[in-house]
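Notes follow the structure.
Residue numbers (our numbering): 6 to 129.
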């Protein structure tokens with residue numbers, strides 16, 4: 006439930022939503038470029054784009070054409086910063102949401118404990 010609550014709040018913020026859209030556009034550009042430059046299928050092109058920009062780099066796909074290699078150089082330089090910014094922003098947002106959830110639980114606990122009758126007994 007926390008994940009969906011966080012995702013919805015993430016998408017409601019214009020800055021976060023714009024970053025997500027920009028990230029998706031960068032991945033789509035890479036997918037289309039590799040599809041045409043390397044002749045790969047769309048799924049393989051998408052896979053390579055994501056693996057490249059997240060710096061995983063399994064090595065199971067590599068550009069063979071000069072155009073693909075040149076594109077990859079620019080794609081990495083331009084795209085990695087954007088992807089890392091996106092990942093960092095998502096992580097930061099999750100952290101903020103988690104802290105807010107904890108604060109809300111503490112407030113709820115204090116409110117509940119304040120309404121409970123005092124059960125202490127004096128042994129005087």
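Each residue gets a CB set at the ideal place from its N, CA and C atoms; glycine is no exception.
Beta carbon of residue i nearer than 7 Å to that of residue j
i	j	result
residue 36	residue 91	no
residue 53	residue 39	yes
residue 24	residue 94	yes
Length of the line joining the Cα atoms of residue i and residue j
i	j	result
residue 43	residue 26	25 Å
residue 65	residue 109	47 Å
residue 89	residue 120	47 Å
residue 48	residue 16	26 Å
residue 115	residue 78	56 Å
residue 31	residue 111	41 Å
residue 113	residue 12	23 Å
residue 97	residue 46	35 Å
residue 20	residue 9	18 Å
residue 62	residue 33	18 Å
residue 14	residue 99	10 Å
residue 5	residue 80	Since the first and last residues shown for the chain are 6 and 129, residue 5 lies out of range.
residue 22	residue 107	25 Å
Assigned exposure category for residue i - 16 Cβ within 10 Å defines buried
i	result
residue 1	In the structure as shown, the chain starts at 6 and stops at 129, and residue 1 therefore has no counterpart that could be examined.
residue 73	buried
residue 76	buried
message: Would you call the region 95-107 in contact with the region 64-82, where contact means no fewer than 3 C-beta pairs closer than 8 Å?
response: no
query: Is there contact between the region 56-64 and the region 72-91, where contact requires at least three CB pairs shorter than 8 Å?
result: yes
task: Please list the segments of the alpha helix (DSSP H) lying wholly inside the region 71-100, counting only runs of 4 or more residues, in order along the chain.
output: none
- prompt: Residue ranges of each alpha helix (DSSP H) run of no fewer than 4 residues wholly in the region 7-66, ordered along the chain?
  reply: 7-17, 19-43, 47-58
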